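So the sequence shown is residues 46 to 397, counted in our numbering.
Structure first, commentary second.
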Amino acid sequence: MSVCAAAVLSCRGQTNIIEDQTNWPFGNYVNAATNNPQTNNLPASSYWYSGTSSIYNGTNGTLVCGPIAAGSSFTCWTYYAPSSAPVTLSPGYTLQMTLNFMDYGTAPSNNSRGLRIGLLYSGANQATNTGTAPGDNIVGYVQQMNYGNLFSEAPLQTDADTNLNQIASLLSTTSVFAKIGSNGGGNTNDAGFADGVPYKMVMSVAEKSTNSIDITTTFIGSTLTNGMITQTVTDTNYCYTNFDTFCLRPAAGDEAATNFTFTSFEVETFPTPASGPFLVSAQHFPTNTIVLSWNSTEGSTYTIHRTNDIAAPLPDWTQITTGFPSGGSAGGTIYYTDKPSGSLEFYKISSP
46 MSVCAAAVLS CRGQTNIIED QTNWPFGNYV NAATNNPQTN NLPASSYWYS
96 GTSSIYNGTN GTLVCGPIAA GSSFTCWTYY APSSAPVTLS PGYTLQMTLN
146 FMDYGTAPSN NSRGLRIGLL YSGANQATNT GTAPGDNIVG YVQQMNYGNL
196 FSEAPLQTDA DTNLNQIASL LSTTSVFAKI GSNGGGNTND AGFADGVPYK
246 MVMSVAEKST NSIDITTTFI GSTLTNGMIT QTVTDTNYCY TNFDTFCLRP
296 AAGDEAATNF TFTSFEVETF PTPASGPFLV SAQHFPTNTI VLSWNSTEGS
346 TYTIHRTNDI AAPLPDWTQI TTGFPSGGSA GGTIYYTDKP SGSLEFYKIS
396 SP
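Next comes the structure, spelled out in structure tokens:
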């Protein structure tokens, strides 16, 4: 059953937007000493915190985090849902965070997992007027990745943050992380990140059942091999379902990057479709690479066609793959990379 066609545009089903932020109008954001209002304006924007106001500056259109010194960590975080009303998943629903960003001073190839990204639950431990991200009794999922202009190993590693009763700064202590699944998202010596290039980071948590959670992390950008890295793992042990916090923590400027510039941030929930895919995005990169993404049903495989003539009957479209992914999808968001020959291409995704 065919459900969507697109030409380097995007289309998606109805979603519940929790927070969609494209500007940071108040300048430095750290605590009361900065004289900035610490108020959320959900769903339009949320307040962002940092422990280092001197390297944290918001403007209309960007939030600049840097310079981050070599050997020095940096933590920024935001509460995208009230402490009394977290996002609560139920079977068949997905929470998804999307952050568009650029970096500068990208680290060379290194053996550290120098960038940590968390979708977490703080609840009553949400803090205001603080320069330190509280870490006690905060749990959730963390991407602990190898970050640089060349990957020294498979870059993505997903962990559960089991940070119960651990009094420390958020995401600062890896001893409370429990690894889920294998490392993935690419290979040793794959090309990584570069200064000033736009990237899209997508992290999603999908509850398949009360004892099964899929966590997917994807980075999309023109310097990455085939335009993206992605990893999906399944948690059958901790199965966290409440979320209200996003945190980003470079371990050091020389292990990730000396500057991160955010251009948009979005958190949303949506039901996992019961049948048939719908195209989320089709992104085009200067290297003539297109990355398609769509919401999938667990166990399903897909056929992808393309054409430069949208009026052509389907038998005349070029079938570029079928039975994708091999063995069936895990559910949630799925990605496919294509290198089309024409300047304008239309895509159709079908299942089976």
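Yeah, the Cβ is synthetic: ideal placement off N, Cα and C, and Gly gets one too.
Computed from a predicted structure; not experimentally measured.
Excluding the five sequence neighbours on either side, which residues of its own chain have a C-beta within less than 6 Å of the C-beta of residue i, listed in chain order?
{"i": "K245", "result": "N145 and I265"}
{"i": "G229", "result": "A199, L201 and Q276"}
{"i": "V247", "result": "T143 and T263"}
{"i": "V312", "result": "I63, E64, Y125 and M142"}
{"i": "S157", "result": "E300"}
With 16 other CB atoms within 10 Å as the buried threshold, where does residue i fall?
{"i": "N208", "result": "buried"}
{"i": "G387", "result": "exposed"}
{"i": "G272", "result": "buried"}
{"i": "A178", "result": "buried"}
{"i": "Q364", "result": "exposed"}
{"i": "I249", "result": "Note that residue 249 corresponds to Ser in the displayed sequence, not to Ile. Burial call: buried."}
{"i": "T314", "result": "buried"}
{"i": "I100", "result": "buried"}
{"i": "I355", "result": "exposed"}
{"i": "P331", "result": "exposed"}
{"i": "L215", "result": "buried"}
{"i": "G116", "result": "exposed"}
{"i": "A302", "result": "buried"}
{"i": "S227", "result": "exposed"}
{"i": "I225", "result": "buried"}
{"i": "T255", "result": "exposed"}
{"i": "T371", "result": "Rather than Thr, the amino acid found at residue 371 in this sequence is Ser. S371 comes out exposed."}
Do residue i and residue j have their C-beta atoms within less than 7 Å of each other?
{"i": "Y401", "j": "G150", "result": "Nothing can be reported for residue 401, as the shown portion of the chain is limited to 46 through 397."}
{"i": "T143", "j": "G377", "result": "no"}
{"i": "Q66", "j": "F310", "result": "yes"}
{"i": "Q202", "j": "R161", "result": "no"}
{"i": "N353", "j": "K384", "result": "no"}
{"i": "D259", "j": "T270", "result": "no"}
{"i": "A169", "j": "S128", "result": "yes"}
{"i": "N304", "j": "G111", "result": "yes"}
{"i": "L164", "j": "E252", "result": "no"}
{"i": "E64", "j": "S91", "result": "yes"}
{"i": "W93", "j": "T123", "result": "yes"}
{"i": "Y166", "j": "D289", "result": "yes"}
{"i": "N22", "j": "P131", "result": "Past the boundaries of the shown model lies residue 22; the chain is included only from 46 to 397, so the question cannot be answered."}
{"i": "G2", "j": "M147", "result": "Beyond the ends of the chain as shown, which are 46 and 397, falls residue 2; an answer cannot be given."}
{"i": "S338", "j": "Y380", "result": "yes"}
{"i": "I113", "j": "P358", "result": "no"}
{"i": "T107", "j": "T306", "result": "yes"}
In terms of residue numbering, what span does the beta strand (DSSP E) encompassing residue i cover?
{"i": "S227", "result": "S227 -> no beta strand (DSSP E), and no H or E assigned at all."}
{"i": "K393", "result": "F391 to S395"}
{"i": "N102", "result": "Y101 to T104"}
{"i": "S95", "result": "W93 to S95"}
{"i": "Y186", "result": "I183 to M190"}
{"i": "G377", "result": "G377 to D383"}
{"i": "N208", "result": "T203 to N208"}
{"i": "L108", "result": "T107 to C110"}
Ignore the nearest five residues each way along the sequence and tell me which others in residue i's own chain have a CB closer than 8 Å to its CB.
{"i": "A239", "result": "T151, N194 and T268"}
{"i": "P153", "result": "G193, N194 and L195"}
{"i": "R351", "result": "W362, T363, I365, D383, P385, E390, F391, Y392 and K393"}
{"i": "N85", "result": "S91, Y92, Y124 and P127"}
{"i": "S257", "result": "T279, D280, T281 and C284"}
{"i": "V184", "result": "L165, Y166, A205, D206, T207, N208, L209, Y283 and Y285"}
{"i": "S118", "result": "S217, R294, P295, A296 and A297"}
{"i": "F222", "result": "V187, Q189, D204, A205, D206 and T207"}
{"i": "L87", "result": "I63, E64, Y125, A126 and P127"}
Under 7 Å Cβ to Cβ from residue i, same chain only, skipping five residues before and after it: list those, please.
{"i": "T367", "result": "T348"}
{"i": "A213", "result": "G180"}
{"i": "S345", "result": "G373, S374 and S396"}
{"i": "N155", "result": "G193, S197 and E300"}
{"i": "G231", "result": "F196, A199, P200, T270 and I274"}
{"i": "A50", "result": "In this predicted model, A50 has a pLDDT of only 38, less than 50, meaning its place in the structure is not dependable; the value taken from the coordinates is given anyway. Counting only Cβ-Cβ distances below 7 Å, and skipping sequence neighbours, we find I355, F391, Y392 and K393."}
{"i": "P243", "result": "N145, M147 and G266"}
{"i": "A236", "result": "L195, T268, L269 and T270"}
Examine chain B for any beta-carbon lying closer than 7 Å to the beta-carbon of residue i, and answer yes or no.
{"i": "S309", "result": "Of the protein chains in this structure there is only one, and it is not chain B."}
So is the beta-carbon of residue i under 6 Å away from any non-hydrogen atom of the ligand MN?
{"i": "F305", "result": "Absent from the structure shown: the ligand MN. Ligands present: none."}
Q.
List, from N- to C-terminal side, the beta strand (DSSP E) runs of 3 residues or more that fit wholly inside the segment 240-305.
A. 244-254, 257-265, 273-280 and 290-295
Q. Which full runs of the beta strand (DSSP E) of 3+ residues lie inside the segment 121-173, going along the chain?
A. 121-124, 138-151 and 160-166
**Q.** Within the segment 308-362, ranges of the beta strand (DSSP E) (whole runs, at least 3 residues)
**A.** 323-330, 334-341 and 347-352
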